[in-house]
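Okay, so here's the structure we're looking at.
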Amino acid sequence: MDWDVEPTAFSEFVTIETGTATNLLYSSDNGFETANPLGSRSEILFTGEAVDSGPSDHGALFDFGTATLVVQKPNRLLAPSAKALAGLVPGAIPTRLDHFLCYKVHSSSRFAWRG
39 MDWDVEPTAF SEFVTIETGT ATNLLYSSDN GFETANPLGS RSEILFTGEA VDSGPSDHGA
99 LFDFGTATLV VQKPNRLLAP SAKALAGLVP GAIPTRLDHF LCYKVHSSSR FAWRG
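According to our numbering, the residues represented by the sequence shown are 39 to 153, in order.
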């Protein structure tokens, strides 16, 4: 993924935090590489993690491994919050966003699990 976001297109700062991701096999700031998992891997300034790397014309490349997904009957439903859907107050320019704000939703008795 190559960012190129105005007003600083071609001169971005990139942060990649991999945390405890166990299925992340490779990460770098080369947003120009192919998304093909069998393709080449390279970096522009870094591989792995970095905070506010730049300025440079770069992006992000992630190569994920596979895992077993165990699906169970859910005991709750999480829905995006109004804040996540509506964005921030007009005029605010955030440096980092949490796109995964959720609220617990209690189901009514008229909905049944069809597992």
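Cβ atoms here follow ideal geometry from the backbone N, Cα and C, with glycine treated the same way.
Element boundaries [beta strand (DSSP E), containing residue i]
| i | result |
| --- | --- |
| residue 53 | 50 to 54 |
| residue 108 | First-last for residue 108: undefined, no H or E at that position. |
| residue 101 | 99 to 102 |
| residue 66 | 62 to 66 |
| residue 43 | Here residue 43 belongs to no beta strand (DSSP E), and DSSP marks it neither H nor E. |
| residue 77 | It is not in any beta strand (DSSP E) - residue 77 carries neither H nor E in the DSSP assignment. |
| residue 90 | 88 to 94 |
Outcome for residue i when other beta-carbon atoms lying within 10 angstroms are tallied against a minimum of 16
| i | result |
| --- | --- |
| residue 52 | buried |
| residue 50 | buried |
| residue 54 | buried |
| residue 47 | exposed |
| residue 66 | buried |
| residue 123 | Per-residue confidence for residue 123 stands at a pLDDT of 47, beneath the threshold of 50, marking its modelled position as unreliable; no derived number is given. |
Residue i to residue j span [Cα, whole Å]
| i | j | result |
| --- | --- | --- |
| residue 104 | residue 60 | 10 Å |
| residue 94 | residue 45 | 14 Å |
| residue 64 | residue 106 | 19 Å |
| residue 80 | residue 68 | 6 Å |
| residue 56 | residue 62 | 8 Å |
| residue 74 | residue 98 | 14 Å |
| residue 88 | residue 108 | 32 Å |
| residue 102 | residue 82 | 19 Å |
| residue 72 | residue 96 | 14 Å |
Cβ-Cβ separation, residue j to residue i (assumed contact under 8 Å), whole Å
| i | j | result |
| --- | --- | --- |
| residue 40 | residue 70 | 6 Å |
| residue 84 | residue 91 | 6 Å |
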